[in-house]
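The structure appears below as structure tokens.
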Amino acid sequence: MAGSGRSSARSRIKFSTDSGDDGALRGAKPNSKLRRDRSKDHSLIRILNVDLKIMLGIGVFSFSIIIFLIHNLVRPLNKLRRLGGFIFLKFQGEHKESLYWGTYRPHVYLGIRARTPQSLVAGLMWIGLKDGRYYMRHLCQDSDELSTYGWTQHNGRDFGHQVLVDQGLKLETSFLKSKNEGSGYGGDWAVRIDAQSEKTLIFTIYLICPANSWGPSMVRKFGLQLPDSSEDSSNILVFQISARIPFKTDIVFVSGTGVEDSRVKARVNSLTGTILTNQLQEKQSEFDAKFDQCFNIAGKLESESRIVGKVAIANMLGGIGYFYGQSKIAYAGKSKHKDHDNFIAYWPAELYTAVPSRPFFPRGFLWDEGFHQLLIWRWDISICLDIVGHWLDLMNIDGWIPREQILGSEALSKVPEEFVRQRPTNGNPPTLFLVISDLLHGIQKNKFTSSESNKIISFLERAFVRLDAWFQWFNTTQSGKEIGSYFWHGRDNSTTRELNPKTLSSGLDDYPRASHPSEEERHLDLRCWMLLTANCMHSITQLLKKEYISGKDYGLTAKLLSNFEMLNQMHLDPAYGAYFDFGNHTDKVRLSWKETIVENSYVKRELVREVLERPELRLIPHVGYVSLFPFMEKIIHLSLYMKRNTEHDPPYWRGPIWMNLNYRILSALYHYSKEDGPYKDRAKAIYEDLRSNLIRNVVQNYHQTGFLWEQYDQKKGKGKGARLFTGWTSLVLLVMAEAYC
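See below:
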């Protein structure tokens, strides 16, 4: 329609200048008295005609630019898209088929699907009792108040064992895959349900086939009411079991049954009864043996710690999900939208990824994923590379990756609408470089077999263009006004609801930054992330023997960012003896109660920010996690604290203990405790105390509450935030193993 509009405009202009009437006028002798006036009139017409053409040209050009920007925003990086087939070539064949089926629906208590967009999905529901009333259990959610649940063993491929305790009910679920003669693609799988309870149990197994519209709500609506017959258009099968306890049942899915000699009966028998029991016991023994081999903590820690270590890796692997859908991208240049439909759809994409928390965050988060992979590569390098490859495949033409992946209806159902849209101006800590750097270090230290090293090198060769594009995106779009400075984009400089405007893109949401966001800011943590990425890219080019390309000297960038004197000039406050952010700031801000008039003349009391003095460009004197980033990156040798950020925002990154950053601090302390110098002994003592306290606190909380937690109180050590947070809190296992990056 836009094209036809432009065509019509051009036609009208052409008609006004080349009509037959104009030709007749040119053939007639003009009146001399009217010549001057007519000349003026024609000059005016020509001027207007030229102006109209210029205006139209500018309009067409501007519209073309807008279309180009929108197209580029949502289009995959062309070079990278062509490489996509190469990146995932290694993940075809046996590897891809071996991971076809899995427990890839982390948001439900037990959910199985295949790694394909149009997959049959299966799940478990049961009737639970709470406050004397019956409720359906299906989605992982805190309101169900299960005493504990989660995977106690899971190998990420073909086996998992889970324990759920719901009031007086103890439910154990086991998952097993098998590839036998006659099996279809991906093989067969079985689920065993073992229930112990004082009362009769009613539970439901459902299967849903792909359709234009379906979801868990359909299961809840019809799960206990479907007749025993089926309609031709049905896409759901529900099998309800009511039984007295104790109770055990095996459910088997066999594939490829339409093929002759598919041996269905024999395959079902091989996945039920005693045979299944023996296979599950064998897988349990394999899991324990591999755990000891990978993390080597047997005999070094008490049994309570080893239990938590197994829970950590099992839930990390058991929380891996497969998602398919389109991200919603906010229009560039706008920070707020009242209309939640004001977005551009990203291209349809799939994502195979671990998740931070099954009940709270059952989807992919970019900055969490790098920490997840520090664990996963030590367990299964192929799964790790597969996941990293899926994330890199989400990159657009500019080298930007949406930081939160909310793909498909099931993922969308867990996210408030206002948080769904992603902003292409905002980054997120590039933690995937953490795991890549760790892999490079492993190759240098001969930690891998020859086959594993070749697999990593081959992956890096195919992923190099993407990694370079990602680095260049950060190095250009997030750079500051001074050489070697960077700042996180996306802070709200007009909010009156926050004591200190949040920096969601940094991952450290409410960590105190400059009170008045501006382009003058210098963010210390982003500078350190850029040092990590530059060092990593430099190491990759050396490993792959890449030729020097002008403007892409990663080593030079790394040298600049590791310059101790420049770091001190930009971020060191000698009076505090600490490193800080820089920006337009004042400490004289507070939240005060004010009455505001809203719709229908309704008066509402709310906390509003009040600025008591003019801000100035300065270092922001807040000692916290960001102050330690130069230490974490091993560059050096060694007021809003605990205040609310908004009326409804308790301290999040300004007080509690977070495992991901403490892991990195321990990594630095461990490094310096091995280096000769005046602080070697001091670093060792701090390291041993911090490591011991972290392990003891996490283990104690798990055995008291039944869960790993998102964060821990810095005074009492009590678990806080999301329960069953088996994302980066699972790094406690690497702390136990003293396996640092």
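One rule links them: number in my numbering = place in the sequence shown (from 1) + 122. Every residue gets a Cβ at the ideal spot worked out from N, C-alpha and C, and that includes glycine. For clarity, every value in this text was computed on a predicted model and none was experimentally measured.
- Task: Determine the direct distance from the alpha carbon of L439 to that of T379, and round the result to whole angstroms.
- Result: 30 Å
- What residue range is occupied by the uninterrupted beta strand (DSSP E) comprising I330? That run of the beta strand (DSSP E) goes L323 to I330.
- Within this structure, are the beta carbons of T848 and A434 separated by less than 9 Å? yes
- Among R740, T718 and C650, which has the Cα closest to the Cα of T618? Nearest option by C-alpha distance: T718.
- Message: Runs of 3 residues minimum, wholly inside the region 461-548: which ones carry the beta strand (DSSP E) assignment?
- Response: 465-467 and 471-475
- Is V313 buried or exposed, if buried means 16 or more other CB atoms sit within 10 Å of its CB? Result: buried.
- Measure the C-alpha to C-alpha separation of R804 and Q836 and round it to an integer number of angstroms. 22 Å
- Hey, could you find the ends of the alpha helix (DSSP H) F409 is sitting in? G395 to F417
- With a threshold of 16 other CB atoms inside 10 Å of the CB of D798, please say whether the residue is buried or exposed. D798 is exposed by the Cβ-count criterion.
- I think Q263 touches P481, with their Cβ atoms under 8 Å apart; what is that distance to the nearest whole Å? In this structure Q263 is in contact with P481, their Cβ atoms being roughly 5 Å apart against a cut-off of 8 Å.
- Return the CA-CA distance between E641 and L729, expressed in angstroms with no decimal places. 27 Å
- Top-ranked residue by Cα proximity to S616, from D632, D631 and P639: P639
- Task: In the DSSP assignment, find the alpha helix (DSSP H) that holds A680 and state where it starts and stops.
- Result: Y676 to L683
- Query: Would L855 be called buried (16 or more neighbouring beta carbons within 10 Å of its own) or exposed?
  - Reply: buried
- In whole angstroms, what is the alpha-carbon distance linking R543 and R525? 10 Å
- Using the Cα positions of L853 and F493, report the straight-line distance between them to the nearest angstrom. 8 Å
- Considering only residues of the region 622-694, which uninterrupted alpha helix (DSSP H) runs meet the minimum length of 4 residues and lie entirely inside it, listed in chain order? 646-666, 676-683 and 686-693
- Name the two residues that bound the continuous alpha helix (DSSP H) containing L750. First-last for L750: undefined, no H or E at that position.
- Local Cβ density within 10 Å of G421, reported as buried at 16 or more and exposed below that: exposed
- Chain-order list of residues whose beta-carbon lies under 7 Å from that of D163 (same chain, five-residue window excluded): In this prediction, D163 has a pLDDT of 49, which is less than 50 and means its spatial position is unreliable; nothing more can be read from the coordinates.
- Message: Quick check: the region 619-629 against the region 583-597, are at least 3 beta-carbon pairs closer than 8 Å?
- Response: Cβ pair count under 8 Å is below three, so no.
- Given D316 as reference, the closest of P778, R366, E303 and A859 once Cα atoms are compared: R366
- Check the C-beta distance from E472 over to Y444 and give it rounded, since I have them as a contact under 8 Å. 7 Å
- With 16 other CB atoms within 10 Å as the buried threshold, where does Y670 fall? It is exposed - the Cβ of Y670 has fewer than 16 other Cβ atoms within 10 Å.
- Taking DSSP as the reference, what is the three-state secondary structure of S852? helix
- Message: Within 10 Å of its beta-carbon, does D310 have 16 or more other beta-carbons around it, so buried, or fewer, so exposed?
- Response: buried
- CB-CB under 6 Å to N437, same chain, minus the five flanking residues each way: which ones, in chain order? G272, W273 and T848
- Item | Where E102 sits in the DSSP three-state scheme | Past the edges of the chain, shown from 123 to 863, lies residue 102, and the structure says nothing about it.
- H229 and P484: beta carbons closer than 9 Å? Taking 9 Å as the cut-off, the Cβ atoms of H229 and P484 count as close.
- Would you mind giving the Cβ-Cβ distance between W831 and G841, rounded to the nearest angstrom? I have them listed as a contact below 8 Å. 3 Å
- Which one of R712, G530, D709 and S377 has the shortest CA to CA distance from W469? G530
- Taking only runs of the alpha helix (DSSP H) that begin and end inside the region 220-258, which ones reach a length of at least 4 residues, in chain order? Positions of the alpha helix (DSSP H) runs, each at least 4 residues long and wholly inside the region 220-258, cannot be given because no such run exists.
- Message: Classify V857: buried if its beta carbon has 16 or more other beta carbons within 10 angstroms, exposed otherwise.
- Response: buried
- Task: Identify the continuous beta strand (DSSP E) that holds S296 and give its terminal residues.
- Result: L291 to S300
- Please report the Cβ distance between R644 and H693, rounded to the nearest whole angstrom; I am assuming they are in contact, meaning their Cβ atoms lie under 8 Å. The beta carbons of R644 and H693 sit about 7 Å from each other, so the pair counts as a contact at 8 Å.
- Would DSSP call N597 helix, strand or coil? In this structure, N597 counts as helix in the three-state DSSP scheme.
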